[in-house]
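Reading through the C-alpha coordinates given below for one structure.
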Amino acid sequence: MRDFDLTPYRRSMVGFDRLFDLIEKSARSANGDNYPPFDLERVAEDRYRITLAVAGFKKDEIDIVAQQNLLQVTGKKEANQDRSTFLHIGIANRSFERRFELADFVRVESADLADGLLTIELIREIPEAMKPQKIAIGGEAAEPASTIEHREAA
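In our numbering, the protein residues as written are 233 to 386.
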(Lines of atoms letter the chains of each structure in order from A and count residues from 1; the text may use other names and numbers.)
(Lines give C-alpha, C1' and ligand atoms only; values in the text may rest on other atoms or scores of the structure.)
Protein backbone atom coordinates (compact mmCIF):
# COMPACT_ATOMS: atom_id res chain seq x y z
CA MET A 1 0.00 0.00 0.00
CA ARG A 2 1.20 3.50 -0.75
CA ASP A 3 2.28 5.89 1.94
CA PHE A 4 0.30 9.11 2.06
CA ASP A 5 2.00 12.39 2.85
CA LEU A 6 -0.68 14.43 4.54
CA THR A 7 1.73 17.13 5.75
CA PRO A 8 0.51 19.84 3.32
CA TYR A 9 -3.07 19.27 4.48
CA ARG A 10 -2.13 19.20 8.16
CA ARG A 11 -0.54 22.65 7.78
CA SER A 12 -3.61 24.28 6.29
CA MET A 13 -6.56 22.43 7.84
CA VAL A 14 -7.24 23.05 11.51
CA GLY A 15 -9.13 20.50 13.62
CA PHE A 16 -8.82 17.57 11.22
CA ASP A 17 -6.03 15.81 13.14
CA ARG A 18 -8.25 12.86 14.07
CA LEU A 19 -9.25 12.32 10.43
CA PHE A 20 -5.64 12.41 9.23
CA ASP A 21 -4.60 10.01 12.01
CA LEU A 22 -7.37 7.60 10.96
CA ILE A 23 -6.28 7.71 7.31
CA GLU A 24 -2.65 7.03 8.22
CA LYS A 25 -3.60 4.24 10.65
CA SER A 26 -5.85 2.64 8.06
CA ALA A 27 -3.10 2.72 5.44
CA ARG A 28 -0.63 1.06 7.84
CA SER A 29 -3.00 -1.73 8.85
CA ALA A 30 -4.53 -2.36 5.41
CA ASN A 31 -2.44 -5.47 4.85
CA GLY A 32 -3.35 -7.01 8.20
CA ASP A 33 -5.52 -10.00 8.98
CA ASN A 34 -8.72 -10.18 6.93
CA TYR A 35 -10.51 -12.64 9.20
CA PRO A 36 -13.43 -12.72 9.53
CA PRO A 37 -14.59 -11.34 6.21
CA PHE A 38 -17.24 -8.63 6.43
CA ASP A 39 -19.56 -6.41 4.40
CA LEU A 40 -20.19 -2.76 5.17
CA GLU A 41 -23.44 -1.43 3.76
CA ARG A 42 -25.17 1.94 3.72
CA VAL A 43 -28.84 1.07 4.19
CA ALA A 44 -30.21 4.63 4.26
CA GLU A 45 -28.83 8.16 4.62
CA ASP A 46 -28.14 7.75 8.36
CA ARG A 47 -28.26 3.95 8.70
CA TYR A 48 -25.46 1.42 8.20
CA ARG A 49 -25.07 -2.34 8.48
CA ILE A 50 -21.96 -4.41 9.18
CA THR A 51 -22.23 -8.12 8.39
CA LEU A 52 -19.45 -10.44 9.55
CA ALA A 53 -19.12 -14.08 8.43
CA VAL A 54 -18.64 -15.90 11.76
CA ALA A 55 -19.48 -19.50 10.86
CA GLY A 56 -19.11 -21.85 13.81
CA PHE A 57 -19.40 -19.16 16.48
CA LYS A 58 -22.21 -19.13 19.05
CA LYS A 59 -23.70 -16.02 20.65
CA ASP A 60 -21.81 -16.56 23.90
CA GLU A 61 -18.48 -16.71 22.02
CA ILE A 62 -18.87 -13.22 20.49
CA ASP A 63 -18.49 -9.90 22.31
CA ILE A 64 -19.53 -6.57 20.81
CA VAL A 65 -18.26 -3.48 22.61
CA ALA A 66 -19.16 0.03 21.48
CA GLN A 67 -17.37 2.98 22.95
CA GLN A 68 -16.87 6.51 21.72
CA ASN A 69 -15.99 6.34 18.01
CA LEU A 70 -14.99 2.66 18.17
CA LEU A 71 -16.82 -0.62 17.65
CA GLN A 72 -14.92 -3.75 18.63
CA VAL A 73 -16.15 -7.23 17.74
CA THR A 74 -14.31 -10.13 19.36
CA GLY A 75 -14.82 -13.85 18.87
CA LYS A 76 -13.21 -16.33 21.25
CA LYS A 77 -12.79 -20.00 20.38
CA GLU A 78 -11.20 -22.56 22.63
CA ALA A 79 -8.00 -23.96 21.14
CA ASN A 80 -8.35 -27.38 22.80
CA GLN A 81 -10.76 -28.80 20.20
CA ASP A 82 -9.62 -32.18 18.89
CA ARG A 83 -9.02 -31.88 15.16
CA SER A 84 -6.88 -34.98 14.75
CA THR A 85 -9.57 -36.80 12.74
CA PHE A 86 -9.78 -34.09 10.05
CA LEU A 87 -8.11 -34.81 6.72
CA HIS A 88 -8.45 -31.18 5.65
CA ILE A 89 -9.31 -28.08 7.69
CA GLY A 90 -10.60 -25.31 5.41
CA ILE A 91 -13.04 -23.57 7.72
CA ALA A 92 -11.28 -20.94 9.79
CA ASN A 93 -12.36 -21.55 13.35
CA ARG A 94 -10.07 -19.25 15.30
CA SER A 95 -10.45 -16.33 17.64
CA PHE A 96 -10.60 -12.87 16.11
CA GLU A 97 -10.81 -9.19 16.89
CA ARG A 98 -12.21 -6.72 14.39
CA ARG A 99 -12.32 -2.95 15.01
CA PHE A 100 -14.39 -0.33 13.23
CA GLU A 101 -13.85 3.39 13.68
CA LEU A 102 -17.20 5.15 13.99
CA ALA A 103 -17.99 8.73 13.05
CA ASP A 104 -19.34 11.12 15.64
CA PHE A 105 -22.94 10.44 16.69
CA VAL A 106 -22.99 6.90 15.22
CA ARG A 107 -24.28 4.30 17.65
CA VAL A 108 -25.10 0.60 17.55
CA GLU A 109 -28.83 0.07 17.27
CA SER A 110 -28.91 -3.76 17.33
CA ALA A 111 -26.96 -6.95 16.65
CA ASP A 112 -28.17 -10.36 15.49
CA LEU A 113 -26.54 -13.71 14.77
CA ALA A 114 -28.24 -15.99 12.23
CA ASP A 115 -27.01 -18.55 9.71
CA GLY A 116 -23.35 -17.87 10.52
CA LEU A 117 -23.68 -14.13 9.87
CA LEU A 118 -23.37 -11.50 12.59
CA THR A 119 -25.35 -8.41 11.57
CA ILE A 120 -24.78 -5.12 13.39
CA GLU A 121 -27.16 -2.25 12.67
CA LEU A 122 -25.79 1.28 13.14
CA ILE A 123 -27.55 4.62 13.12
CA ARG A 124 -26.27 8.18 13.05
CA GLU A 125 -28.27 10.49 15.31
CA ILE A 126 -27.22 14.11 15.24
CA PRO A 127 -28.23 15.98 18.42
CA GLU A 128 -30.78 18.75 18.00
CA ALA A 129 -28.21 21.35 19.08
CA MET A 130 -25.93 20.32 16.18
CA LYS A 131 -28.62 20.56 13.48
CA PRO A 132 -28.90 23.68 11.31
CA GLN A 133 -30.78 26.55 12.91
CA LYS A 134 -32.51 29.46 11.25
CA ILE A 135 -31.27 32.76 12.63
CA ALA A 136 -33.84 35.53 12.72
CA ILE A 137 -32.75 39.04 11.82
CA GLY A 138 -33.45 41.66 14.47
CA GLY A 139 -32.19 39.98 17.61
CA GLU A 140 -34.88 37.33 18.04
CA ALA A 141 -33.83 33.96 19.45
CA ALA A 142 -32.70 31.25 17.06
CA GLU A 143 -35.24 28.56 16.31
CA PRO A 144 -34.27 24.97 15.36
CA ALA A 145 -34.88 24.23 11.67
CA SER A 146 -36.98 21.16 12.55
CA THR A 147 -39.40 23.33 14.59
CA ILE A 148 -39.77 25.76 11.71
CA GLU A 149 -40.45 22.94 9.23
CA HIS A 150 -43.01 21.41 11.60
CA ARG A 151 -44.80 24.77 12.08
CA GLU A 152 -44.83 25.47 8.32
CA ALA A 153 -46.31 22.02 7.60
CA ALA A 154 -49.25 22.67 9.96
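Here a beta-carbon is modelled for each residue, glycine too, at the ideal position from N, C-alpha and C.
Beta-bridge partners of residue 284 (DSSP): 270, 350.
Restricting attention to 259, 278, 282, 277, the CA atom closest to the CA of residue 270 is found in 282.
Contact holds between the stretch 275-290 and the stretch 309-328, because three or more Cβ pairs, one in each stretch, are under 8 Å apart. Non-local C-beta neighbours of residue 344 in its own chain, meaning closer than 7 Å and more than five positions away in sequence, comprise 351, ordered along the chain. With distances taken between CA atoms, residue 273 lies nearest to 355 out of 355, 364, 307. Counting the other CB atoms within 10 Å of its CB gives residue 268 a total of 16 or more, which places it among the buried residues. Between the stretch 290-306 and the stretch 314-323 there are fewer than three inter-stretch CB-CB distances shorter than 8 Å, so the stretches are not counted as touching. Between residue 243 and residue 252 the beta-carbon gap is near 11 Å, outside 8 Å, which marks them as no contact.
Cβ neighbours of residue 302 within its own chain (closer than 7 Å, five residues either side excluded): 331, 333, 334.
Excluding sequence positions up to five before and after residue 337, its CB lies within less than 8 Å of the CB of 356, 357, 358, 359, 362, all in the same chain and listed in chain order.
In this structure, residue 238 lies away from residue 285, with their beta-carbon atoms at least 9 Å apart. In this structure, DSSP gives residue 295 an extended state, which the three-state scheme calls strand. In this structure, residue 276 sits away from residue 339, with a CB-CB distance that is not shorter than 9 Å.
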